[in-house]
Amino acid sequence: MQGIQQLWIPAMLEPQQSVILLNTILAISGVLIFTVYAVIRFSAENTAAITPRGCRRIGLPKGQSNLHDEYDPKNSSGFSESSTDERGCPAWRIKALFTYPIKSCKGIELDESGIVPTGFAFDRQFCFAELDEKGNWIARTLRNRGFNRLALVRPEIWVPDATMQGYRSDLEEVRSGGVMLVYYPRPNPYRGLGWHAVHSAVFQMGLHFGLIAREGSFTVPLCQPSGSENMKLDSGVPRERVKIWKDNPLAYNYGQYIPSSFHDFLNEGFPNFNLASRITANSSHRRITLFRVNPTHTRKIYRNAPRKQEIGFQPQTGFADAYPIHIISLSSVRDVNARCAEDIPDLSVRRFRANIIVQGPKAFEEDDWKVIRISPATAKKKAPKEDDEGDSAEQALIMYTACRTVRCKLPNVDPDTGTRHPSEPDRTLKSYRRIDKGDLTNACLGMQAVPAVEGALLILMINGSECVLDTFLFPSCC
Numbered sequence: 001m002q003g004i005q006q007l008w009i010p011a012m013l014e015p016q017q018s019v020i021l022l023n024t025i026l027a028i029s030g031v032l033i034f035t036v037y038a039v040i041r042f043s044a045e046n047t048a049a050i051t052p053r054g055c056r057r058i059g060l061p062k063g064q065s066n067l068h069d070e071y072d073p074k075n076s077s078g079f080s081e082s083s084t085d086e087r088g089c090p091a092w093r094i095k096a097l098f099t100y101p102i103k104s105c106k107g108i109e110l111d112e113s114g115i116v117p118t119g120f121a122f123d124r125q126f127c128f129a130e131l132d133e134k135g136n137w138i139a140r141t142l143r144n145r146g147f148n149r150l151a152l153v154r155p156e157i158w159v160p161d162a163t164m165q166g167y168r169s170d171l172e173e174v175r176s177g178g179v180m181l182v183y184y185p186r187p188n189p190y191r192g193l194g195w196h197a198v199h200s201a202v203f204q205m206g207l208h209f210g211l212i213a214r215e216g217s218f219t220v221p222l223c224q225p226s227g228s229e230n231m232k233l234d235s236g237v238p239r240e241r242v243k244i245w246k247d248n249p250l251a252y253n254y255g256q257y258i259p260s261s262f263h264d265f266l267n268e269g270f271p272n273f274n275l276a277s278r279i280t281a282n283s284s285h286r287r288i289t290l291f292r293v294n295p296t297h298t299r300k301i302y303r304n305a306p307r308k309q310e311i312g313f314q315p316q317t318g319f320a321d322a323y324p325i326h327i328i329s330l331s332s333v334r335d336v337n338a339r340c341a342e343d344i345p346d347l348s349v350r351r352f353r354a355n356i357i358v359q360g361p362k363a364f365e366e367d368d369w370k371v372i373r374i375s376p377a378t379a380k381k382k383a384p385k386e387d388d389e390g391d392s393a394e395q396a397l398i399m400y401t402a403c404r405t406v407r408c409k410l411p412n413v414d415p416d417t418g419t420r421h422p423s424e425p426d427r428t429l430k431s432y433r434r435i436d437k438g439d440l441t442n443a444c445l446g447m448q449a450v451p452a453v454e455g456a457l458l459i460l461m462i463n464g465s466e467c468v469l470d471t472f473l474f475p476s477c478c
């Protein structure tokens, strides 16, 4: 026993051995401290909050949502069109507004939205795409295998604002019409054995104590300067065709702005992806990029849509599936939730990615709507070449419904976790919502709509913590 004590207790060692052991301990400690410092410094480069110069962020304040009570039982029942609530406000009104800058990524909840030719301002103006074996870019969404992690990608839109401190018209952020910040869960870059395991432990410790940001980010310009249609480059950004359904619009390829860590994050969702081997989208294994709608190459809509002769312009869309605006009723979603509650206790209306969420009508009453009118109190039509703060002509905002929204399995992905449910709510929807004679194979929920004006401002009136809206939605049998 005494021999063992002499072996392991430094005080019992020979002086020369003690010095060697002490130096070894100091060296190891130094390496560990340096490793902790290096890992945290490398990983925390972008921990500071990013505030684009001369710009303000659009959307509700962080932590605030008009859907805070979406699971309240009161939202399961409907009311007659002329009903009012306990405060005397119309029972039929807009509950929430959303724009989705990047197709299949998180939405931005709004208190107001501009209506532009392609629908809500900034809606579906970006999409991620994958290069196929034939060298064609194909738009990818939550529907596609391995892309469910797109649900965790959080865009922010920052627009120029002359009232912001430091605003200058020559700022790059201002000249590009604003910027989009793209946030995503930071992938662990240190996986494996040996020092990778040590680095990974340090990385996780940094996340736990808030020394390392949980999100990575990158920034892209909202707009590109206009250039010659005969050129393939605008300000160094290539223009390429991207396939979305049957269309192949020419769009801006923003791949140059995407950092390698984003490719690592996204590729973690693909089967057999090995982060330790650093197989990224920059390799020949898989190529992912981000596209921006080219304003001169939007997709004109003719099927079930009003013609230019009727409303003065031909409806168009950016990267939305088919139509500019998607409308859904909260009571309809609650009805679906009641039927699949065993699998998904809280089915959020956000799974269905609508622009306008309405409350008041009975479940599925929207199925037969032909025309939707939003009252003058919440809709302002912009007169041509007229400033927003001028005397805008107030009148009802009219939207024509084009068709019911045919549902795929995209809502099976939880918008909060990015986890894909194997069957719900798709299975429940198909059990009783295959109602459209044009497609009896798939279920329908919500309505696709086309605005009757190219420029309008849709405003939600906020009173304290409650949403008070003078909004009326009129179904029509014509």
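Just so you know, we're using UniProt numbering here: the sequence shown kicks off at 1 and counts up by one. Yeah, the Cβ is synthetic: ideal placement off N, Cα and C, and Gly gets one too. In this text, all values refer to a predicted model and were calculated from it rather than measured experimentally.
Point to revise | Straight-line Cα distance separating Val358 from Phe319 | key: Between Phe319 and Val358, the C-alpha separation is close to 24 Å.
Check your understanding: Looking at the unbroken alpha helix (DSSP H) that takes in Ser331, where does it start and where does it end?
Key -> Leu330 to Arg339
Review point. Taking Cβ to Cβ, would you say Glu454 is nearer than 8 Å to Phe352?
Key: no
Review point. So is Lys246 buried or exposed if we call it buried at 16+ other beta carbons inside 10 Å?
Key: exposed
Review point. Which whole-angstrom value describes the C-beta separation of Lys103 and Arg154, a residue pair presumed to lie in contact below a C-beta threshold of 8 Å?
Key: About 14 Å; that fails the 8 Å criterion.
Point to revise | Spatially closest choice to Ser82 from Lys74, Ile157, Ala91 and Ser76, by CA coordinates | key: Ala91
Practice item. Can you give me the start and stop residues for the beta strand (DSSP E) that Arg373 sits inside? Key: Val371 to Ile374
**Study point:** Where the alpha helix (DSSP H) through Lys134 begins and ends
**Key:** Unbroken run through Lys134: none, as it is neither H nor E.
Check your understanding: Beta carbon of Asn304, beta carbon of Pro249: below 8 Å?
Key -> no
Check your understanding: Between the Cα of Phe218 and the Cα atoms of Gln224, Tyr252, Pro259 and Arg239, which residue gives the shortest distance?
Key -> Of the candidates Gln224, Tyr252, Pro259 and Arg239, the one whose C-alpha sits nearest the C-alpha of Phe218 is Pro259.
Check your understanding: Going by beta carbon distance, what residues of the same chain come within less than 6 Å of Ala449, once the five residues before and after it are set aside?
Key -> Ile325, Ile327, Met399 and Thr401
Review point. Can you tell me whether Thr141 is buried or exposed, with buried defined as 16 or more other CB within 10 angstroms of its CB?
Key: buried
Exercise for review: Under 8 Å by Cβ, that's how I've got Thr296 and Gln316 pegged, so tell me the actual separation to the nearest angstrom.
Suggested key: About 11 Å; that fails the 8 Å criterion.
Check your understanding: Based on Cα-Cα distance, which residue from Asp343, Ile311 and Glu366 lies nearest to Leu330?
Key -> Glu366
Point to revise | Under the three-state DSSP convention, the category Asn148 falls into | key: In the structure shown, Asn148 falls within a helical segment according to DSSP collapsed to helix, strand and coil.
Check your understanding: DSSP puts His326 in a beta bridge; with which residues?
Key -> Gln448
Check your understanding: Who pairs with Glu102 in a beta bridge, going by DSSP?
Key -> The identity of residue 102 in the sequence shown is Ile, whereas the question assumes Glu. According to DSSP, Ile102 bridges with Phe126.
Practice item. Identify the continuous alpha helix (DSSP H) that holds Ile311 and give its terminal residues. Key: Lys308 to Ile311
Point to revise | Rounded distance between the beta-carbons of Ile115 and Ala363, thought under 8 Å | key: Wrong, their Cβ atoms sit about 27 Å apart, outside the cutoff.
Practice item. Measure the alpha-carbon distance for Ile301 versus Val179 and round it to whole angstroms. Key: 28 Å
Point to revise | C-beta atoms of Glu215 and Pro185 nearer than 8 Å | key: With respect to the 8 Å criterion, Glu215 and Pro185 are classified as neighbours on the basis of their beta carbons.
Exercise for review: Please report how far the alpha carbon of Leu171 lies from the alpha carbon of Asp161, in whole angstroms.
Suggested key: 12 Å
Exercise for review: Mind checking which residues open and close the beta strand (DSSP E) that includes Arg57?
Suggested key: Cys55 to Arg57
Review point. So which of Asn412, Leu347 and Thr163 has the shortest CA-CA distance to Arg427?
Key: Asn412
Check your understanding: Would Phe291 pass as a contact of Phe126 if the rule is Cβ separation under 8 Å?
Key -> With respect to the 8 Å criterion, Phe291 and Phe126 are classified as neighbours on the basis of their beta carbons.
Check your understanding: Looking at the unbroken beta strand (DSSP E) that takes in Phe291, where does it start and where does it end?
Key -> Ile288 to Arg292
Check your understanding: Taking the alpha carbon of Arg57 as the point to measure from, which residue in Leu181, Ile138 and Val242 has its own alpha carbon closest?
Key -> Leu181
Review point. Among Ile108, Ser80, Arg87 and Thr51, which has the Cα closest to the Cα of Leu67?
Key: Its Cα nearest to that of Leu67, the residue Ile108 stands out among Ile108, Ser80, Arg87 and Thr51.
Check your understanding: For Tyr71, which option in Arg434, Val336 and Cys408 has the closest C-alpha, if you only look at C-alpha atoms?
Key -> Val336
Check your understanding: Grouping DSSP H, G and I as helix and E and B as strand, with all else coil, what is Thr317?
Key -> Here Thr317 sits in strand by DSSP.
Check your understanding: At which residues does the beta strand (DSSP E) containing Ser113 begin and terminate?
Key -> Glu112 to Val116
Review point. Taking Cβ to Cβ, would you say Ser173 is nearer than 8 Å to Pro52?
Key: A quick correction: the sequence has Glu, not Ser, at residue 173. Yes, Cβ-Cβ distance for Glu173 and Pro52 is below 8 Å.
Practice item. Compare the C-alpha of Tyr183 against each of Arg420, Phe262, Ile374 and Thr405 and name the closest. Key: Phe262
**Study point:** DSSP three-state assignment for Tyr71, whether helix, strand or coil
**Key:** Residue state, collapsed to three classes: coil.
Check your understanding: What did DSSP end up calling Leu458 once you bin it into helix, strand or coil?
Key -> strand
Check your understanding: If we ignore side chains and look at the alpha-carbon of each, how far apart do Cys55 and Gln224 end up?
Key -> 17 Å
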